[in-house]
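Engineer: As they're listed, the protein sequences go chains A and B.
Residue numbering for the first sequence follows this note's numbering, starting at 1 and increasing by one per position.
Residue numbering for the second sequence follows this note's numbering, starting at 1 and increasing by one per position.
If you scroll down you'll find the structure; I have some questions about it.
Number of protein chains: 2
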Amino acid sequence: MRIEAIDFFYLSMPEVLDIGDGSQDALLVRVAAGGYVGWGECEAAPLPSIAGLICPMSHSACKPVQSSVLGQSLESAEDIVRIGNLVRANSLDLLQADHILSGIDMAMWDLLGKRYSTPVYTLLGYKTIFPKTPYASMLFGDTAQETLEKGRNARAMGYRAAKFGWGPIGLSTAQADADQFMAAREGLGEDGILLIDIGTVWKDDVAAASQRIPALQACRATWLEEPFVSGALDAYRQLAAVAGTVKLAGGEGSHNVYMAQHMIDHAGIGYVQIDAGRIGGISVAKQVADYAQSKGVTYVNHTFTSHLALSASLQPFVGIQSDVICEYPVEPKALALAITKNHLLLDANGQVHAPDAPGLGMEINPTGLQPYLVDVEIRVQGKMLYKTPALG
Amino acid sequence: MRIEAIDFFYLSMPEVLDIGDGSQDALLVRVAAGGYVGWGECEAAPLPSIAGLICPMSHSACKPVQSSVLGQSLESAEDIVRIGNLVRANSLDLLQADHILSGIDMAMWDLLGKRYSTPVYTLLGYKTIFPKTPYASMLFGDTAQETLEKGRNARAMGYRAAKFGWGPIGLSTAQADADQFMAAREGLGEDGILLIDIGTVWKDDVAAASQRIPALQACRATWLEEPFVSGALDAYRQLAAVAGTVKLAGGEGSHNVYMAQHMIDHAGIGYVQIDAGRIGGISVAKQVADYAQSKGVTYVNHTFTSHLALSASLQPFVGIQSDVICEYPVEPKALALAITKNHLLLDANGQVHAPDAPGLGMEINPTGLQPYLVDVEIRVQGKMLYKTPALG
């Protein structure tokens with residue numbers, strides 16, 4: 001099979017709010033080869049990613065991403081890795097390239113799985129897979145009272161674990177944050193697994209973070225996520241040394257295998273969180289899962305959008321029994337739910353399973369997506385380089 | 001002053017060849033505030049960078065870059081740093097953002113220098129500045145014979161130092177590379193400073209790199225540049241341990257201060273090379289220059305394009321006397337030369353000076369650029385979000 005087409009679809013809610021909810025738009029990817037179609041999703045700004053797919057070449061190491069993918073042979077897992085390496089070399093100076101590649105990589109795995117009638121995780125080498133314990137991923141309420149109610153809701157929906165993040169957290173006083181942490185604990189209940197996400201707002205300010213550690217210990221948080229930006233390895237390591245029972249989690253900003261390895265090797269984290277829609281796809285995410293396992297660090301997916309992205313994000317670590325929990329979006333916007341006809345629902349034990357079906361096992365819903373499809377036209381020197389393709 | 005306008009101009013040679021010459025296109029940036037105009041240049045893929053400047057918001061940490069810059073107060077160096085921090089926070093999940101910010105940051109420094117009638121380096125705190133010894137930056141010839149002639153040309157043009165990179169190097173046998181290295185040495189002469197650039201083609205393959213070390217020692221190369229991709233810190237460190245007299249150089253791929261610090265701290269390099277057009281502008285480049293100095297690593301600019309970019313790239317380290325050499329593009333395409341009316345020519349001693357003039361000290365040439373201006377239109381839901389503005 002040769003790759004015949006790559007289509008990017010920009011989807012958006014009618015209104016996008018200035019809140020930390022990444023499910024308000026999406027970039028869906030369709031790859032076609034040999035009569036098969038695969039789907040993926042970039043966790044990326046749609047318009048710059050479309051531009052990087054189709055832009056004119058700047059020089060030999062700054063080419064549009066599609067030039068390294070279209071026409072390539074796709075017969076095996078090795079072909080997907082080879083194509084990824086081509087993109088990274090030929091688009092070395094196109095910064096957006098890793099995000100663009102991510103959705104294409106997922107779509108290639110989906111396509112290959114359909115071609116061989118087998119789930120992606122078997123192509124990745126997993127013979128046995130394990131269910132994951134989902135944590136409800138949600139934004140902090142604007143007030144501690146709202147957060148308390150959100151925690152109660154998560155519990156009522158059957159979640160044993162919940163993560164609270166973004167919103168007002170970290171931006172006000174340490175006392176205000178402490179009130180939020182305790183509200184989350186109270187809402188979730190004494191036996192729940194409580195995870196806290198700071199969303200990088202302290203950048204690399206170890207003092208600001210350290211000030212919150214006593215409250216995080218008091219509410220028995222399992223992890224403190226992204227106190228700092230991904231590159232601030234020294235700040236992470238200094239905080240890890242004083243965080244005691246609270247383990248650090250981070251890595252979602254990694255856009256290549258090296259960044260994730262640096263977090264594992266130099267940041268003192270207990271959990272590495274990888275977004276397969278950013279790091280270069282399932283291929284690179286699997287490399288990180290293997291590396292984390294070898295270093296005694298727990299791998300966790302980062303997924304805040306659709307169930308297509310969720311299935312893709314489970315594949316790299318679904319065969320690692322000791323990596324128990326997985327992120328599960330509980331408040332996605334309607335658009336994120338509309339991407340697939342089927343959804344990865346919790347089983348009777350409140351656990352999530354990767355689909356036992358070819359490829360990523362998700363059925364795309366072109367009709368349902370139609371209202372969210374954003375019409376884009378990009379013209380260079382009068383020539384149309386991109387126009388939103390037909391979906392369906 | 002408040003920032004009233006940011007305009008991006010995509011410039012290109014009529015034909016862009018599949019070679020490692022980054023001067024074949026350019027992304028020029030104009031910023032206007034309080035009746036002043038500043039200019040900068042992103043060393044970046046133009047179309048995705050334009051898209052990232054003006055794209056619709058995806059969520060609170062994935063905003064178009066212009067939303068963090070337009071309307072901001074610009075009175076001091078601190079304002080530029082503050083605006084950069086805003087961009088990094090508000091466009092955290094827009095991977096292309098650092099490249100986009102870079103040209104805007106340069107333009108803000110240029111504008112501020114014009115406003116206060118002083119060179120940018122004084123705004124950066126340098127009281128005394130020093131000339132730099134330029135190295136002629138050129139591509140390897142397709143054959144060793146061609147490389148020999150290029151070396152002779154560099155010498156004839158008065159260069160004491162020359163860097164050869166890209167082209168066929170690293171892609172064929174170790175013997176072919178050795179022939180190229182020796183040809184470069186022969187052409188440049190026994191007393192020349194010879195620098196070799198591999199352009200990341202070995203990715204993270206320490207064995208392939210180690211094989212070339214004896215030839216690099218034999219031709220007395222001062223540095224071996226980018227044997228590996230920027231993130232491959234372990235590979236760099238392993239190679240540094242066996243490279244002996246040949247020091248490693250790298251860092252041009254850094255798109256934030258952390259990546260450059262990781263190279264300095266963990267990669268065993270002797271020279272850190274920073275492209276102010278990629279790392280986030282002059283502001284971040286200056287942070288790296290200071291950090292490198294504190295760690296005993298030599299700072300060098302990475303500049304392969306216009307003399308506007310060259311002036312911007314000199315500012316961050318022009319006050320550090322011990323950082324002697326600077327990259328100087330000797331084979332730029334006509335477009336790169338056409339960007340400015342004035343050029344930073346070598347003095348009688350073959351040295352380069354930062355302009356003793358307000359801002360970056362370069363005069364943009366709108367008329368000369370007209371033939372290279374690329375017409376771009378980006379429409380989203382029928383609305384024109386970007387159309388190439390008038391230059392001049």
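Built from N, CA and C at the ideal position, the CB exists for glycine as well.
Just so we're clear, the structure is a prediction, and the values are computed from it rather than from any experiment.
If you run the structure through DSSP and keep just helix, strand and coil, what is H59 (chain A)?
Structural biologist: Three-state result, H59 (chain A): strand.
Engineer: Does any residue of chain A bring its CB to less than 9 angstroms from the CB of S230 (chain B)?
Structural biologist: Closer than 9 angstroms to some Cβ of chain A, the Cβ of S230 (chain B) qualifies, so yes.
Engineer: At 4 residues or longer, and completely inside the region 89 to 142 of chain B: list those alpha helix (DSSP H) runs for me, N to C.
Structural biologist: Runs found: 97 to 115 and 120 to 123.
Engineer: Sort A:Y328, A:K383, A:Y36 and A:Q66 by Cα distance to D98 (chain A) and report the nearest one.
Structural biologist: Selected option, being the one with the closest Cα: A:Q66.
Engineer: Cβ of D356 (chain B) less than 9 angstroms from any chain A Cβ?
Structural biologist: D356 (chain B) does not count as touching chain A.
Engineer: Mind checking if A89 (chain B) is an interface residue toward chain A, Cβ cutoff 9 angstroms exclusive?
Structural biologist: It does; some Cβ of chain A falls within 9 angstroms.
Engineer: What first and last residue would you give for the alpha helix (DSSP H) that runs through L148 (chain B)?
Structural biologist: Unbroken alpha helix (DSSP H) run through L148 (chain B): A144 to A156.
Engineer: Looking at C-alpha atoms only, which residue of B:E190, B:D197 and B:Y291 is the closest neighbour of P168 (chain B)?
Structural biologist: Among B:E190, B:D197 and B:Y291, the Cα nearest to that of P168 (chain B) is on B:D197.
Engineer: At a Cβ cut of 7 angstroms, what residues of the region 358 to 382 of chain B count as close to chain A, listed as they run along the chain?
Structural biologist: Answer in chain order: V374, D375, V376, E377, I378, R379, V380, Q381 and G382.
Engineer: Distance, Cα to Cα, E252 (chain A) vs D179 (chain B)?
Structural biologist: Straight-line Cα distance between these residues: approximately 45 angstroms.
Engineer: Apart from the five residues on each side of it in sequence, which residues of its chain come closer than 6 angstroms, Cβ to Cβ, to A240 (chain A)?
Structural biologist: Cβ within range, chain order: L248 and G268.
Engineer: I'd like to know if M263 (chain B) contacts chain A, where contact means its C-beta is closer than 9 angstroms to some C-beta of that chain.
Structural biologist: It does not; no Cβ of chain A falls within 9 angstroms.
Engineer: Would you check if the distance between the CB atom of A336 (chain B) and the CB atom of S306 (chain B) is smaller than 9 angstroms?
Structural biologist: Taking 9 angstroms as the Cβ cut-off, A336 (chain B) and S306 (chain B) qualify as a contacting pair.
Engineer: According to DSSP, what are the bridge partners of D7 (chain B)?
Structural biologist: For D7 (chain B), which the question treats as bridged, DSSP gives the partners B:R30.
Engineer: For A235 (chain A), which residues of its own chain have a beta-carbon under 6 angstroms away from its beta-carbon, when the five flanking residues on both sides are left out?
Structural biologist: Cβ neighbours of A235 (chain A) beyond the five flanking positions: D204, V206 and F228.
Engineer: Pick from B:F9, B:Y328 and B:G84: whose alpha carbon is nearest that of P389 (chain B)?
Structural biologist: Nearest C-alpha to P389 (chain B): B:F9.
Engineer: How big is the Cα-Cα spacing for A218 (chain A) and L188 (chain A)?
Structural biologist: About 15 angstroms.
Engineer: Taking only runs that begin and end inside the region 272 to 355 of chain A, name each unbroken beta strand (DSSP E) of 3 or more residues, in chain order.
Structural biologist: 298 to 301 and 325 to 329, all fully within the region 272 to 355 of chain A.
Engineer: Contact criterion: CB-CB distance below 9 angstroms. Does Y409 (chain A) meet it with respect to chain B?
Structural biologist: Residue numbering for chain A in the displayed model covers 1 to 392; residue 409 (chain A) lies beyond these limits and cannot be assessed.
Engineer: Chain B partners of V16 (chain A), CB-CB under 9 angstroms?
Structural biologist: The answer, in chain order, is P56, M57, S58 and H59.
Engineer: With burial defined as no fewer than 16 other Cβ atoms inside 10 Å of the residue's Cβ, what is the status of N256 (chain A): buried or exposed?
Structural biologist: That one is buried.
Engineer: Please list the partners that H255 (chain B) has in chain A, where partner means a Cβ-to-Cβ separation under 8 angstroms.
Structural biologist: In chain order: L95.
Engineer: Can you look up D177 (chain A) in the DSSP assignment and give me helix, strand or coil?
Structural biologist: Helix at D177 (chain A).
Engineer: With a cut-off of 9 angstroms, does the C-beta of T200 (chain B) fall near any C-beta of chain A?
Structural biologist: Chain A, which has a Cβ nearer than 9 angstroms to the Cβ of T200 (chain B), makes this yes.
Engineer: To be precise: take each residue of the region 92 to 122 of chain A, compare its Cβ to all Cβ atoms of chain B, and keep it if any distance is under 9 angstroms. Which residues remain?
Structural biologist: Taking 9 angstroms as the Cβ-Cβ cut-off against chain B, the residues of the region 92 to 122 of chain A that qualify are L92, D93, L94, L95, Q96, A97, D98, H99 and I100.
Engineer: Distance, Cα to Cα, T340 (chain B) vs L148 (chain B)?
Structural biologist: About 31 angstroms.
Engineer: Would L47 (chain A) pass as an interface residue toward chain B - the criterion being a Cβ-Cβ separation below 9 angstroms?
Structural biologist: Chain B contact via Cβ: present.
Engineer: To the nearest angstrom, report how far apart S68 (chain A) and A174 (chain A) are at their CA atoms.
Structural biologist: Approximately 49 angstroms between the Cα atoms of the pair.
Engineer: Is the beta carbon of P329 (chain B) less than 9 angstroms from the beta carbon of S76 (chain B)?
Structural biologist: Against a cut-off of 9 angstroms, the Cβ pair of S76 (chain B) and P329 (chain B) comes out as no contact.
Engineer: If contacts are defined as beta-carbon pairs under 8 angstroms, then M106 (chain A) and A289 (chain A) qualify, I think. What distance do you get, rounded to the angstrom?
Structural biologist: Contact flag wrong, Cβ pair sits at about 15 angstroms.
Engineer: Would you give the residue range spanned by the alpha helix (DSSP H) that G52 (chain A) belongs to?
Structural biologist: Per DSSP, G52 (chain A) belongs to the alpha helix (DSSP H) from P46 to I54.
Engineer: With 16 as the cutoff for other CB atoms within 10 Å, does V242 (chain A) come out buried or exposed?
Structural biologist: V242 (chain A) comes out exposed.
Engineer: Determine the direct distance from the alpha carbon of C62 (chain A) to that of V16 (chain B), and round the result to whole angstroms.
Structural biologist: Their backbone Cα atoms lie some 11 angstroms apart in a straight line.
Engineer: Which residues in chain A sit within 8 angstroms of I274 (chain B), going by Cβ to Cβ distance?
Structural biologist: Within 8 angstroms Cβ-Cβ: nothing; I274 (chain B) doesn't reach chain A, min ~14 angstroms.
Engineer: How is the alpha helix (DSSP H) around T367 (chain A) delimited, first residue to last?
Structural biologist: Note, T367 (chain A): alpha helix (DSSP H), P366 to L369.
Engineer: Select from A:K127, A:A176, A:Y126 and A:G192 the residue whose C-alpha is nearest the C-alpha of R212 (chain A).
Structural biologist: Checking every option, the nearest Cα to that of R212 (chain A) belongs to A:A176.
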